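K.L.:
The listed protein sequences derive, respectively, from chains A and B. Per this note's numbering: the first sequence = residues 81 to 269. Per this note's numbering: the second sequence = residues 81 to 269. For each residue, glycine too, the CB sits at the ideal point set by N, CA and C. Bear in mind that the values here come from a model prediction, so they are computed numbers and not experimental data.
2 protein chains.
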Amino acid sequence: MNETAKRILDLAEALWLERGFNGFSYQHLAEPLGMRNAAIHYHYPTKTDLGVALIARFRRRFARSTAQWQETTADPWLKLEGYIELLTFNYADAERLCPTGVLAVDWATLPEQMQDEARAFMQELYDWCASVLREGAEKGYFRFAGSAEDKAALLLATLQGALQLARFRPEWLDAIKTQVRLDLGARGQ
Amino acid sequence: MNETAKRILDLAEALWLERGFNGFSYQHLAEPLGMRNAAIHYHYPTKTDLGVALIARFRRRFARSTAQWQETTADPWLKLEGYIELLTFNYADAERLCPTGVLAVDWATLPEQMQDEARAFMQELYDWCASVLREGAEKGYFRFAGSAEDKAALLLATLQGALQLARFRPEWLDAIKTQVRLDLGARGQ
DNA sequence: GTCTATAACGTGATAGAC
DNA sequence: GTCTATCACGTTATAGAC
């Protein structure tokens, strides 16, 4: 991926997570980048190609992050905090939602190739989250009722929803993060 | 609101919660109803008018529901189950998401009047949910760490996210509902 | 209250010159 | 690799007849 393709993808990602996949066009990409929309089509022939590339990059990024957490810590709490940090990082300055939530809302309007890529990404998130929760529970780091798998689904749903609710009232984001930790057995402060 | 206006609003609601606010047009409404798009404009002059009417109806519906639960039960569990039922009712047959999640994703593209109406709706949901949790905790029905307010934000985020995750894997919806109950102090089955 | 007709514009996408 | 020019179409919305 060359420099121009990357600049396009960066801007597309920002607009996507701020406005939804149907909320931006090739014009929205071309103008700020100082190009014409035909130039965007040269790098991403169709909007489907662009959409698949956006999700695929998130998958690579997530795989790299989890590999790094695996190397740098044995504490499940730190892994989980790493994920929470990753999710909320972009929200602070630009109110960017997490990709899976945006994908879910636009789902029925998305081309099949994007749906396939999205399903694979979601499965990777779930598998990773469940394994961290399972390990953390077995080793006594976390304390929660029910299965690690169900708790993983709940956790992903909660964090996804939290970013969205923050658009109504920003302070809800920190409130939910606090509550998430308490519900995993953290001692209250 | 006359009969035709109601039929339009019903269809618009379905399309909205299935495809997002930018995922349907006046044509999508006119064709299945056997009218021309000009007829839709007669009832809802602008799409903003239509959007505000959609949210306003959800506010009325929610107010009616909470008033009814207030009359029919003193058990906070039943009130909460009523809300969960209300949320997941439409998902089963048509994969309709909850309105606040769809509003949040489309947020940056929505006209100000819709944002105002949406904020008011969200606040009503939060206030009701927090009061049910507070009362339920005080009377010993629920058992959870942290404040009722933070737990309310978490609960709304979780249920909203749960409907969305169900688009990737339907079985996650029941898994999360189970886990939500456990995290409120229900005994596992 | 619904129709036909149409305006004004934005959309994804392509052809061909440079 | 980016440009100009353009196509075919979908969008919200309005005017005016019936």
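Can you grab the Cα-Cα spacing for the pair residue 212(B) / residue 94(B), in whole Å?
P.N.:
On the second sequence, position 132 is the one that residue 212(B) refers to. On the second sequence, position 14 is the one that residue 94(B) refers to. So the two alpha carbons sit approximately 29 Å from each other.
K.L.:
Just the chain B side, please: which residues come within less than 7 Å of residue 231(A) by C-beta, in chain order?
P.N.:
As a first step, residue 231(A) must be located in the first sequence, where it is residue number 151. In chain order: 259.
K.L.:
Counting only beta-carbon separations shorter than 9 Å, does residue 199(A) have a partner in chain B?
P.N.:
Taking the first sequence and counting its residues from 1, the one referred to as residue 199(A) is at position 119. By this cut-off, residue 199(A) is an interface position.
K.L.:
Tell me whether the stretch 119–135 of chain A and the stretch 184–193 of chain A touch, counting them as touching only if at least three CB pairs, one residue from each stretch, are closer than 8 Å.
P.N.:
They touch, by the three-pair rule.
K.L.:
Have a look at 123(A), 262(A), 96(A), 108(A) and flag the residue whose alpha-carbon is nearest the alpha-carbon of residue 222(A).
P.N.:
Along the first sequence, read from residue 1 onward, the residue named residue 222(A) stands at position 142. Cα-wise, what sits closest to residue 222(A) is 262(A).
K.L.:
Could you work out which residues of chain B lie near residue 162(A), taking near to mean beta carbons separated by less than 8 Å?
P.N.:
By 1-based counting over the first sequence, the position of residue 162(A) is 82. Ordered by position in chain B, no residue passes the 8 Å Cβ test against residue 162(A), which lies about 20 Å from the chain.
K.L.:
Answer yes or no: do residue 231(A) and residue 259(B) have a C-beta to C-beta separation smaller than 9 Å?
P.N.:
One-based indexing of the first sequence puts residue 231(A) at position 151. One-based indexing of the second sequence puts residue 259(B) at position 179. In this structure, residue 259(B) lies closer than 9 Å to residue 231(A) by Cβ.
K.L.:
How about residue 202(A): is its C-beta nearer than 9 Å to some C-beta of chain B?
P.N.:
On the first sequence, position 122 is the one that residue 202(A) refers to. By this cut-off, residue 202(A) is an interface position.
K.L.:
Output the distance between the C-alpha atoms of residue 253(B) and residue 143(A), rounded to the nearest integer angstrom.
P.N.:
As a first step, residue 253(B) must be located in the second sequence, where it is residue number 173. As a first step, residue 143(A) must be located in the first sequence, where it is residue number 63. Their backbone Cα atoms lie some 25 Å apart in a straight line.
K.L.:
Who are the neighbours of residue 248(A) on chain B, taking C-beta pairs under 8 Å?
P.N.:
Working through the first sequence from its first residue, we reach residue 248(A) at position 168. Chain B residues near residue 248(A): 180, 184, 198, 199, 202, 203.
K.L.:
Starting from residue 64(B), trace the alpha helix (DSSP H) in both directions and tell me its first and last residue.
P.N.:
Only positions 81 to 269 of chain B appear in the structure, and residue 64(B) is not among them; the question remains open.
K.L.:
For the candidate residues 91(A), 100(A), 161(A), 84(A), whose alpha-carbon lies nearest to that of residue 123(A)?
P.N.:
To locate residue 123(A), count along the first sequence from 1; it is residue 43. Cα-wise, what sits closest to residue 123(A) is 84(A).
K.L.:
If we ignore side chains and look at the alpha-carbon of each, how far apart do residue 200(B) and residue 207(B) end up?
P.N.:
What you label residue 200(B) is simply residue 120 of the second sequence in a count that begins at 1. What you label residue 207(B) is simply residue 127 of the second sequence in a count that begins at 1. Each residue's Cα considered, the two are about 11 Å apart.
K.L.:
Exposed or buried, which one is residue 102(A) when buried takes at least 16 other CB atoms within 10 Å?
P.N.:
If you number the first sequence from 1, residue 102(A) lands on position 22. It counts as buried.
K.L.:
Tell me where the alpha helix (DSSP H) around residue 145(A) begins and ends.
P.N.:
Sequence index remark: in the first sequence, residue 145(A) carries index 65 (1-based). From DSSP, the alpha helix (DSSP H) with residue 145(A) extends over 127–152.
K.L.:
So with Cβ pairs under 9 Å, would you call residue 294(A) a contact of chain B?
P.N.:
Absent from the structure is residue 294(A), since the part of chain A shown begins at 81 and ends at 269.
K.L.:
Does any C-beta atom of chain A lie closer than 9 Å to the C-beta of residue 238(B)?
P.N.:
By one-based count along the second sequence, residue 238(B) stands at place 158. Closer than 9 Å to some Cβ of chain A, the Cβ of residue 238(B) qualifies, so yes.
K.L.:
Are there any heavy atoms of the ligand NAD lying less than 8 Å away from the beta-carbon of residue 266(B), as far as the coordinates show?
P.N.:
The ligand NAD is not among the ligands present in this structure, which contains no ligands whatsoever.
K.L.:
Please name the residue in 204(A), 165(A), 152(A) whose C-alpha comes closest to that of residue 140(A).
P.N.:
Translated into the one-based positions of the first sequence, residue 140(A) becomes position 60. Considering only alpha carbons, the answer is 204(A).
K.L.:
Could you tell me if residue 243(A) is buried or exposed, where buried requires 16 or more neighbouring beta carbons within 10 angstroms of its beta carbon?
P.N.:
What you label residue 243(A) is simply residue 163 of the first sequence in a count that begins at 1. Burial call: buried.
K.L.:
With DSSP collapsed to three states, give me the class of residue 170(A).
P.N.:
Indexing the first sequence from 1 puts residue 170(A) at position 90. In the structure shown, residue 170(A) sits in coil (DSSP, three-state: anything other than H, G, I, E or B).
K.L.:
Taking the continuous alpha helix (DSSP H) assigned at residue 241(A), which residues delimit it?
P.N.:
Translated into the one-based positions of the first sequence, residue 241(A) becomes position 161. Taken as a continuous stretch (DSSP letters only), the alpha helix (DSSP H) holding residue 241(A) covers 228–245.
K.L.:
How long is the line joining the alpha carbons of residue 226(A) and residue 245(A), rounded to whole angstroms?
P.N.:
Along the first sequence, read from residue 1 onward, the residue named residue 226(A) stands at position 146. Along the first sequence, read from residue 1 onward, the residue named residue 245(A) stands at position 165. Going from the Cα of residue 226(A) to the Cα of residue 245(A) covers about 26 Å.
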